[in-house]
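Going letter by letter, the sequence shown gives residues 354 to 624 in the working numbering. Backbone N, C-alpha and C fix where the C-beta goes; we use that ideal spot for every residue, glycine too.
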Amino acid sequence: TPEGRSSWVKPEAPIAPPFWGVREVAPSFDELFGFLDAFVVLRNRWGFSQGALSDEAFADLLREKAEPELARWRARFEEDGFLKPKALYGYFPCRAEGDALAVFDPENQDRELSRILFPRQASGRRLAISDFFSSGRDVVALQLITLGEGAAEQDRALYGAGDYRDYFLFHGLATELVEAGAEWIHARIRRELGIAAKDMKGRALFAQGYQGSRYSFGYPACPDLEGNAAILDLLDGGRIGVSLSESFQMDPEFSTSALVAAHTQARYFSA
Numbered sequence: 354t355p356e357g358r359s360s361w362v363k364p365e366a367p368i369a370p371p372f373w374g375v376r377e378v379a380p381s382f383d384e385l386f387g388f389l390d391a392f393v394v395l396r397n398r399w400g401f402s403q404g405a406l407s408d409e410a411f412a413d414l415l416r417e418k419a420e421p422e423l424a425r426w427r428a429r430f431e432e433d434g435f436l437k438p439k440a441l442y443g444y445f446p447c448r449a450e451g452d453a454l455a456v457f458d459p460e461n462q463d464r465e466l467s468r469i470l471f472p473r474q475a476s477g478r479r480l481a482i483s484d485f486f487s488s489g490r491d492v493v494a495l496q497l498i499t500l501g502e503g504a505a506e507q508d509r510a511l512y513g514a515g516d517y518r519d520y521f522l523f524h525g526l527a528t529e530l531v532e533a534g535a536e537w538i539h540a541r542i543r544r545e546l547g548i549a550a551k552d553m554k555g556r557a558l559f560a561q562g563y564q565g566s567r568y569s570f571g572y573p574a575c576p577d578l579e580g581n582a583a584i585l586d587l588l589d590g591g592r593i594g595v596s597l598s599e600s601f602q603m604d605p606e607f608s609t610s611a612l613v614a615a616h617t618q619a620r621y622f623s624a
């Protein structure tokens with residue numbers, strides 16, 4: 354294996370993409386809410402916890418209070434129209450070069466467009482995300498989704514008006530909805546690459562019950578937010594109104610990007 358590459362990761366033949374380049378798509382509310390992890394919304398974001406309640410009493414609480422609240426917010430989104438999810442995704446030729454991933458122009462596959470550097474684990478399996486790509490020629494999928502400026506404006510308006518209960522509920526739900534949108538695009542990519550047959554349903558899906566992995570900058574395997582710049586540049590994030598702040602945070606809020614590795618051993622890890 355090339356110097357520095359983890360010997361734990363076995364070489365795999367690259368998968369052919371369905372197309373080269375970038376497409377714009379938009380999930381429907383049904384698609385967005387279909388990928389929403391309601392468990393995380395209700396219990397983690399909204400704080401509906403069982404505590405000392407019996408299983409039966411907690412089930413009643415979820416059915417009578419939590420789930421109707423979620424249904425109310427969904428109805429409000431569809432009625433008010435301030436949530437306008439938009440997404441970009443696409444496939445680029447790439448090649449692993451040590452700890453870096455070289456990304457090439459889909460129309461001129463010898464022209465390097467970007468070089469994304471990843472940290473490598475100092476011990477253990479010594480993984481870097483680049484290990485999940487071939488050192489010959491491979492494909493990387495990139496994705497970006499935003500709930501739009503209207504969602505960020507609504508968030509600020511609720512907070513500014515001192516409507517803290519609605520702000521708390523909206524902020525938690527919007528955070529998970531953009532994650533649901535990211536799962537929706539990732540599922541589309543897996544279908545298009547022909548690896549979706551291994552997908553599980555429900556909570557197993559959120560516990561990586563599928564082949565490959567979706568990596569977002571700022572998380573343990575690639576903690577440096579600067580990587581967002583490469584993804585937004587390659588996808589032309591401005592097309593759907595997404596830009597980066599000086600600290601590489603996405604603007605508007607409730608936007609998230611990722612790169613997808615289809616390798617069967619690709620999993621989350623801490624660098």
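Give me the residue from the options with the minimum Cα distance to residue i.
| i | options | result |
| --- | --- | --- |
| residue 500 | 368, 367 and 604 | 604 |
| residue 548 | 368, 359, 357 and 362 | 368 |
| residue 434 | 382, 388, 620 and 459 | 382 |
| residue 467 | 431, 412, 574 and 581 | 581 |
| residue 397 | 584, 419 and 483 | 419 |
| residue 494 | 479, 550, 444 and 502 | 444 |
| residue 486 | 448, 522 and 514 | 448 |
| residue 379 | 537, 584 and 610 | 537 |
| residue 357 | 483, 601 and 519 | 483 |
| residue 371 | 598, 470, 463 and 459 | 459 |
| residue 583 | 606, 562 and 611 | 611 |
| residue 470 | 588, 578 and 563 | 578 |
| residue 563 | 598, 403 and 620 | 620 |
| residue 399 | 503, 426, 573 and 622 | 426 |
Residue i lies in the beta strand (DSSP E); which residues open and close that run?
| i | result |
| --- | --- |
| residue 448 | 439 to 450 |
| residue 507 | Here residue 507 belongs to no beta strand (DSSP E); instead the alpha helix (DSSP H) covers 502 to 513. |
| residue 491 | 491 to 499 |
| residue 374 | 374 to 378 |
| residue 455 | 453 to 457 |
| residue 614 | 608 to 614 |
Helix, strand or coil: which one does DSSP assign to residue i?
| i | result |
| --- | --- |
| residue 543 | helix |
| residue 406 | coil |
| residue 566 | strand |
| residue 354 | Note that residue 354 scores a pLDDT of 43, beneath 50, so its modelled location is shaky; the value from the coordinates is reported in the next line. Residue 354 falls in the coil class under three-state DSSP. |
| residue 487 | coil |
| residue 572 | strand |
| residue 589 | coil |
| residue 528 | helix |
| residue 413 | helix |
| residue 362 | coil |
| residue 468 | strand |
| residue 480 | coil |
| residue 395 | helix |
| residue 516 | coil |
| residue 436 | coil |
| residue 578 | coil |
To the nearest whole angstrom, what separates the beta carbons of residue i and residue j, a pair I think is in contact under 8 Å?
| i | j | result |
| --- | --- | --- |
| residue 375 | residue 441 | 6 Å |
| residue 618 | residue 363 | 7 Å |
| residue 295 | residue 490 | Outside the displayed span of the chain (354 to 624) sits residue 295, for which this structure offers no information. |
| residue 451 | residue 498 | About 30 Å; that fails the 8 Å criterion. |
| residue 394 | residue 526 | 6 Å |
| residue 546 | residue 614 | About 11 Å separates the two Cβ atoms, so there is no contact after all. |
| residue 522 | residue 422 | 7 Å |
| residue 576 | residue 624 | 7 Å |
| residue 574 | residue 622 | 5 Å |
Where does the unbroken alpha helix (DSSP H) through residue i begin, and where does it stop?
| i | result |
| --- | --- |
| residue 423 | 420 to 433 |
| residue 385 | 382 to 387 |
Does residue i come within less than 9 Å of chain B when only Cβ atoms are used?
| i | result |
| --- | --- |
| residue 451 | The structure shown contains no chain B, having only a single protein chain. |
Counting Cβ pairs closer than 8 Å, one from the region 533 to 550 and one from the region 563 to 578, do we hit at least three?
yes
Three or more beta-carbon pairs under 8 Å between the region 451 to 458 and the region 375 to 392, yes or no?
A contact between stretches requires three or more CB pairs, one per stretch, nearer than 8 Å, and the region 451 to 458 fails this requirement with the region 375 to 392.
Three or more C-beta pairs closer than 8 Å, one from the region 474 to 488 and one from the region 587 to 602: is that the case here?
no
Below 8 Å, can you find three or more Cβ-Cβ pairs linking the region 523 to 530 to the region 389 to 405?
yes
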